[in-house]
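Participant: Mind having a look at this structure? Questions to follow.
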Amino acid sequence: MQDTPLKIGDRSFKSRLIVGTGKYKDFAETRRAVEESGAEIVTVAVRRVNITARDKENLLDFIDPERWQILPNTAGCYTAEEAIRTCRLAREAGVGSIVKLEIIGDQKTLFPDVPATIDAAKILVKEGFTVLPYITDDPVACRRLEEIGCAAVMPLAAPIGSGLGIRNPFNIKIIIEQAKVPVIVDAGVGTASDAAIAMELGCDGVLMNTAIAGAKDPIAMARAMRLAIEAGRLAFLAGRIDRKLHASASSPLTGLIG
7 MQDTPLKIGD RSFKSRLIVG TGKYKDFAET RRAVEESGAE IVTVAVRRVN ITARDKENLL
67 DFIDPERWQI LPNTAGCYTA EEAIRTCRLA REAGVGSIVK LEIIGDQKTL FPDVPATIDA
127 AKILVKEGFT VLPYITDDPV ACRRLEEIGC AAVMPLAAPI GSGLGIRNPF NIKIIIEQAK
187 VPVIVDAGVG TASDAAIAME LGCDGVLMNT AIAGAKDPIA MARAMRLAIE AGRLAFLAGR
247 IDRKLHASAS SPLTGLIG
């Protein structure tokens, strides 16, 4: 079955899995997990991981920007101003202008600050950034960000790092139905079945970090997530059977042997 690539801005990708680089025991394990995941896009917290100081151990010594699309993110930012400044820093550091915009509005839940995200997105889009915003599973907010010019919308499945899976598939489905840009579930995935469900709903991709890095065997979980994304996408394209209240015989009822 033929599939179309994942298009973000002017770039196309075969893999629909985007992985983070935090919480691993070291950069070597990070690279092994990224390789096993099959991901082509790797997100990096600019304020938390060294990608700028070349005289110190640098993530980019392990994750080659020539091989992987580096997606700088603004994790740890609590205001639009901080996020905009962080994106500009990433571009100046030479890691490109495709950015994941993340502005936290609450320290306990780590839910995004929607108004601040919209304000920052307006400015970043005007400055030529390809913006992928982390946002609540709110169809109205997602539509507004698309109208601003964001290259994708990234609604959460559940709180960051919670592993709860998709808590509101109905909102995610509405977002998918209305969107003309990729819908990438971001945050809350816990295991392979969560990733498969997201893809079966029709999401264009899934971004995850803790689900892989926090697993007992991150390398094995990275492979599991790769397979789950592929299986979920294929199931979506194949088209599932309708749900029925009562049974439906698998075998024909005509031509029965006496």
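Residues in the sequence shown are numbered from 7 upward in steps of one, following my numbering. Yeah, the Cβ is synthetic: ideal placement off N, Cα and C, and Gly gets one too.
#1: Ordered along the chain, which non-local residues of its own chain (more than five positions away) have a Cβ less than 8 Å from that of Ile203?
#2: Measure from the alpha carbon of Leu77 to the alpha carbon of each residue in Ile235, Pro139 and Thr216, then state which is nearest.
#3: I'd like to know whether the C-beta atoms of Ile109 and Ala122 end up nearer to each other than 7 Å.
#4: Starting from Gly26, trace the beta strand (DSSP E) both ways and give me its first and last residue.
#5: Using the beta-carbon count (16 or more within 10 Å), is Ala96 buried or exposed?
#6: Can you look up Gly238 in the DSSP assignment and give me helix, strand or coil?
#7: For a test of the three-state rule: what should DSSP assign to Leu116, helix, strand or coil?
#8: According to the neighbour-count rule (16 or more other Cβ atoms, all chains shown, within 10 Å of its Cβ), is Thr136 buried or exposed?
#9: Which full runs of the beta strand (DSSP E) of 3+ residues lie inside the segment 157-206, going along the chain?
#10: Could you tell me the distance, in whole angstroms, from the CA atom of Lys186 to the CA atom of Leu12?
#11: Please determine, among Ala253, Ala230, Phe242 and Gly220, the residue with the shortest C-alpha to C-alpha distance to Leu23.
#12: Please work out which residues of its chain come closer than 8 Å, Cβ to Cβ, to Gly15, disregarding the five sequence neighbours upstream and downstream, and give them in chain order.
#13: Reducing DSSP to helix, strand and coil, say where Lys13 ends up.
#14: Could you tell me the alpha carbon to alpha carbon distance between Thr85 and Val159, rounded to whole angstroms?
#15: Since Leu243 and Asp9 should fall inside the 8 Å C-beta cutoff, what is the C-beta to C-beta distance between them, to a whole number of angstroms?
#16: Can you check whether the CB of Ala193 is closer than 7 Å to the CB of Tyr30?
#17: Please name the residue or residues paired with Met214 in a DSSP beta bridge.
Facilitator: With the structure as the only source:
#1: For the purposes of this step, residue 203 is taken as the residue at position 197 of the sequence shown. Here the set comprises Gly171, Ile172, Pro175 and Gly238.
#2: Here residue 77 is taken as the residue at index 71 of the sequence shown, counted from 1. Looking at the Cα atoms, Pro139 is the closest of the given residues.
#3: Your numbering for residue 109 matches position 103 in the sequence shown. Your numbering for residue 122 matches position 116 in the sequence shown. A contact, by the Cβ cut-off of 7 Å.
#4: As a position in the sequence shown, residue 26 is number 20, starting the count at 1. Unbroken beta strand (DSSP E) run through Gly26: Leu23 to Gly26.
#5: Here the question's residue 96 lines up with position 90 in the sequence shown. Classification for Ala96: buried.
#6: The residue labelled residue 238 in the question sits at position 232 within the sequence shown. Helix, per DSSP.
#7: Indexing the sequence shown from 1 puts residue 116 at position 110. Residue state, collapsed to three classes: coil.
#8: Taking the sequence shown and counting its residues from 1, the one referred to as residue 136 is at position 130. Thr136 is buried by the Cβ-count criterion.
#9: 190-192
#10: Taking the first residue of the sequence shown as 1, we reach residue 186 at position 180. Taking the first residue of the sequence shown as 1, we reach residue 12 at position 6. So the two alpha carbons sit approximately 13 Å from each other.
#11: Residue 23 sits at position 17 when you count from the first residue of the sequence shown. Nearest C-alpha to Leu23: Ala230.
#12: Against the sequence shown, residue 15 aligns to sequence position 9. Here the set comprises Ile104, Thr136 and Ala157.
#13: Numbered from 1 along the sequence shown, position 7 holds the residue referred to as residue 13. Of the three classes helix, strand and coil, the one that applies to Lys13 here is strand, per DSSP.
#14: Taking the sequence shown and counting its residues from 1, the one referred to as residue 85 is at position 79. Taking the sequence shown and counting its residues from 1, the one referred to as residue 159 is at position 153. Each residue's alpha carbon lies about 19 Å from the other.
#15: Along the sequence shown, read from residue 1 onward, the residue named residue 243 stands at position 237. Along the sequence shown, read from residue 1 onward, the residue named residue 9 stands at position 3. 6 Å between Cβ atoms; contact.
#16: Taking the first residue of the sequence shown as position 1, residue 30 is located at position 24. Taking the first residue of the sequence shown as position 1, residue 193 is located at position 187. The answer is no: Cβ separation not under 7 Å.
#17: Against the sequence shown, residue 214 aligns to sequence position 208. Bridge partners of Met214: Val25.
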